[in-house]
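From first to last, the protein sequence lines are chains A and B.
The first sequence begins at 23 in my numbering and counts up by one.
The second sequence begins at 712 in my numbering and counts up by one.
Built from N, CA and C at the ideal position, the CB exists for glycine as well.
Bear in mind the structure is a predicted one, so any value in this text is a computation, not a measurement.
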Amino acid sequence: MIETAFTPWASLTGGVLIGVASTLLMLVLGRIMGATGVLAGLFQPISKDDFAWRAALLLGMVTGPAVVLAVSGEMPAVQVPMSAAALIVGGLIVGFGVTLGSGCTSGHGVCGMARLSPRSIVATLTFMAFTFATVFVTRHVIGA
Amino acid sequence: MRLFVTYLIGVIFGVGISISGMANPAKVLNFFDIAGTWDPSLIFVMGGALVTTFIGYKLVFGRTAPVFGEFFAVPNSRVIDMRLVGGSAIFGIGWGIAGFCPGGALPALGTGRWEVFAFTGALIAGILLARWVSTKQPVRAAT
Numbered sequence: 023m024i025e026t027a028f029t030p031w032a033s034l035t036g037g038v039l040i041g042v043a044s045t046l047l048m049l050v051l052g053r054i055m056g057a058t059g060v061l062a063g064l065f066q067p068i069s070k071d072d073f074a075w076r077a078a079l080l081l082g083m084v085t086g087p088a089v090v091l092a093v094s095g096e097m098p099a100v101q102v103p104m105s106a107a108a109l110i111v112g113g114l115i116v117g118f119g120v121t122l123g124s125g126c127t128s129g130h131g132v133c134g135m136a137r138l139s140p141r142s143i144v145a146t147l148t149f150m151a152f153t154f155a156t157v158f159v160t161r162h163v164i165g166a
Numbered sequence: 712m713r714l715f716v717t718y719l720i721g722v723i724f725g726v727g728i729s730i731s732g733m734a735n736p737a738k739v740l741n742f743f744d745i746a747g748t749w750d751p752s753l754i755f756v757m758g759g760a761l762v763t764t765f766i767g768y769k770l771v772f773g774r775t776a777p778v779f780g781e782f783f784a785v786p787n788s789r790v791i792d793m794r795l796v797g798g799s800a801i802f803g804i805g806w807g808i809a810g811f812c813p814g815g816a817l818p819a820l821g822t823g824r825w826e827v828f829a830f831t832g833a834l835i836a837g838i839l840l841a842r843w844v845s846t847k848q849p850v851r852a853a854t
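As structure tokens, then:
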């Protein structure tokens, strides 16, 4: 386990920027800023135009770390204490779950909750509870 | 123009995710580890994003249509079923194992770290697998 520093201001600023981007995507395109939906739609676009905005948005997201590097002189920290197997198994499970559940942290947790959507509130409470439980089991039951 | 603006929105999201800590699995999992190396930072990410989007959406939905588009593509379903709850539970388990969620991983691809590519490849495979399984199921009654 890696200890990480408590960063309330950076996290709050990052959160506000996520909210600004979510608001702007609704204002400009009338779309929900959900990473799952944006990514999944790329593999089943309904038109060329549909593919184009998703690709442009994803390209912008991927540019984010380079902008942080240019401004601050440091790449954002990506500390991965888990094995390659955990990343791949976890990735498969996440992809399967978010598709069935129609959304993830950005789509349900931010955009849906901000609309007070009952589905998103239930989804968010459910995945948060299961993530807490999973981390408890992997770190304190199995890993104890 | 429309695509360039969309690209810039992606950049804002990517910068937000990067500085928030959501792209860092160690930080994300420490948020969920209250019994261990707890790092409450993510409460500030969620709080900042939620309050901003709540206010932003109130202003945006005062319009009749988006700037480039005819309507707001907002889901209006209110059905809470096993698919929603079960899918979300499965997502939570995977998030707890891998430490990345989709919105955290996509911007993190820009760091060039192989771990992010491994996760994202598996994420896409999981999405396609779920879609394939859904098509194999008998057609459910439309509700």
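With burial defined as no fewer than 16 other Cβ atoms inside 10 Å of the residue's Cβ, what is the status of residue i: buried or exposed?
i                   : result
histidine 162/A     : exposed
asparagine 787/B    : exposed
tryptophan 806/B    : buried
threonine 775/B     : exposed
aspartate 71/A      : exposed
valine 90/A         : buried
alanine 107/A       : exposed
valine 756/B        : buried
leucine 47/A        : buried
alanine 746/B       : exposed
phenylalanine 772/B : exposed
isoleucine 804/B    : buried
methionine 55/A     : buried
isoleucine 164/A    : exposed
glycine 759/B       : buried
Would you report the Cα separation of residue i and residue j, rounded to the nearest angstrom?
i                : j                : result
threonine 127/A  : isoleucine 766/B : 19 Å
serine 105/A     : valine 38/A      : 32 Å
aspartate 792/B  : valine 93/A      : 45 Å
leucine 770/B    : threonine 146/A  : 24 Å
threonine 854/B  : glycine 134/A    : Since pLDDT at threonine 854/B reaches only 46, below the 50 mark, its modelled position is unreliable, and the value read off the structure follows with that caveat. Each residue's alpha carbon lies about 21 Å from the other.
methionine 83/A  : valine 102/A     : 20 Å
threonine 121/A  : threonine 763/B  : 26 Å
glycine 797/B    : glycine 123/A    : 7 Å
serine 69/A      : arginine 842/B   : 19 Å
proline 777/B    : glycine 52/A     : 5 Å
threonine 160/A  : isoleucine 808/B : 8 Å
methionine 733/B : tyrosine 768/B   : 22 Å
In its own chain, which residues sit with a C-beta less than 8 Å from the C-beta of residue i, not counting the 5 before and 5 after it?
i               : result
proline 813/B   : Leu834
threonine 748/B : Asn741
Check the Cβ-Cβ distances between residue i and every residue of chain C, and say whether any is below 8 Å.
i               : result
isoleucine 68/A : Any reference to chain C falls outside this structure, whose protein chains are A and B.
With residue i and residue j assumed to form a contact (beta carbons below 8 Å), what rounded beta-carbon distance in angstroms separates them?
i                   : j               : result
phenylalanine 724/B : isoleucine 40/A : 6 Å
valine 785/B        : valine 100/A    : Between valine 100/A and valine 785/B the Cβ distance is about 33 Å, and since that is not below 8 Å, they are no contact.
phenylalanine 28/A  : aspartate 750/B : 6 Å
Quick one: what's got a C-beta closer than 6 Å to residue i's C-beta in the same chain, skipping five residues either side?
i               : result
valine 739/B    : Gly810
isoleucine 24/A : Gln101, Pro103
proline 67/A    : Phe73
Keeping to the same chain, check which residues put their C-beta closer than 7 Å to that of residue i; ignore five residues upstream and five downstream.
i            : result
valine 60/A  : Arg76, Leu79, Leu80
proline 87/A : Met97, Pro98
serine 729/B : Pro818
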